[in-house]
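First comes the structure, then the notes that go with it.
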Ligand SMILES: [Zn+2]
């Protein structure tokens with residue numbers, strides 16, 4: 001199917017979702033990185049700053065509060081970035097000037113690698129209130145890992161990050177969104193209290209697995225973004241659950 005047609009269908013589904021689920025429930029949004037328009041992005045998943053700024057305007061313009069952590073069932077938005085790319089650091093001024101303190105999920109084996117933040121970068125942003133949590137050590141498909149491999153991924157990244165930040169890291173986000181019952185139980189045994197998935201929905205509406213929903217908005221047009229903010233992506237919840245959760 002042509003890209004434009006696909007994107008029109010996606011937008012229409014989001015609009016229908018926003019009409020059906022129409023809510024101001026608190027939500028976690030996720031991106032991978034940001035870059036100044038015209039600059040070469042650190043990753044193809046990066047969001048141009050012009051679009052990101054528009055998203056922030058829409059959040060504020062619709063009466064949502066941007067928070068470091070969700071504490072209320074309604075009206076809050078938490079921003080998250082996966083992988084730990086350099087673009088957020090390069091654009092930190094915008095975040096700081098606007099009081100944005102997102103959570104960044106770090107792949108610990110990639111710290112200091114090309115396009116990724118270094119130990120110093122992470123420490124410096126943490127001082128400004130950015131939150132850092134785990135995105136495993138090597139970013140594998142967790143559904144293909146044995147229990148021993150899972151434990152290794154979870155504990156290594158937790159230990160490295162906790163030491164680096166001098167504080168306990170207790171949240172994890174699953175690479176590529178994949179998880180199963182074993183992933184959940186080993187993550188909890190490894191000391192993680194909050195498990196973030198890539199299944200869309202509201203913060204409080206935990207699914208059967210008890211994982212937190214997140215809504216991917218890195219390329220959302222202003223209209224798609226607004227519909228997502230009001231619950232539109234919940235329409236894809238079942239589809240994403242089938243894709244990401246393997247028994
Ligand atoms: Zn990732």
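In the UniProt record's numbering, the protein residues as written are 1 to 247. Yeah, the Cβ is synthetic: ideal placement off N, Cα and C, and Gly gets one too.
So is the beta-carbon of residue i under 8 Å away from any non-hydrogen atom of ligand 1?
| i | result |
| --- | --- |
| residue 33 | no |
| residue 105 | yes |
| residue 141 | no |
| residue 135 | yes |
| residue 176 | yes |
| residue 83 | yes |
Would you list the residues sitting across from residue i in a DSSP beta bridge?
| i | result |
| --- | --- |
| residue 76 | 65 |
| residue 27 | 77 |
| residue 212 | 196 |
Starting from residue i and walking both ways along the beta strand (DSSP E), at which residues does that stretch end?
| i | result |
| --- | --- |
| residue 48 | 46-48 |
| residue 195 | 194-196 |
| residue 40 | Per DSSP, residue 40 belongs to no beta strand (DSSP E) and is neither H nor E. |
| residue 35 | 33-35 |
Provide the residue span of the alpha helix (DSSP H) that contains residue i, from first to last.
| i | result |
| --- | --- |
| residue 243 | 237-244 |
| residue 90 | 87-90 |
| residue 5 | 3-21 |
Return helix, strand or coil for residue i, following the three-state DSSP convention.
| i | result |
| --- | --- |
| residue 225 | helix |
Following a CB-centred definition, is residue i positioned closer than 8 Å to any heavy atom of ligand 3?
| i | result |
| --- | --- |
| residue 2 | For ligand 3, the structure offers nothing, since it holds only ligand 1. |
Can you check the stretch 103-149 for any beta strand (DSSP E) of at least 3 residues that lies completely inside it and give the ranges in chain order?
103-106 and 131-134
Residue ranges of each beta strand (DSSP E) run of no fewer than 3 residues wholly in the stretch 149-199, ordered along the chain?
171-173 and 194-196
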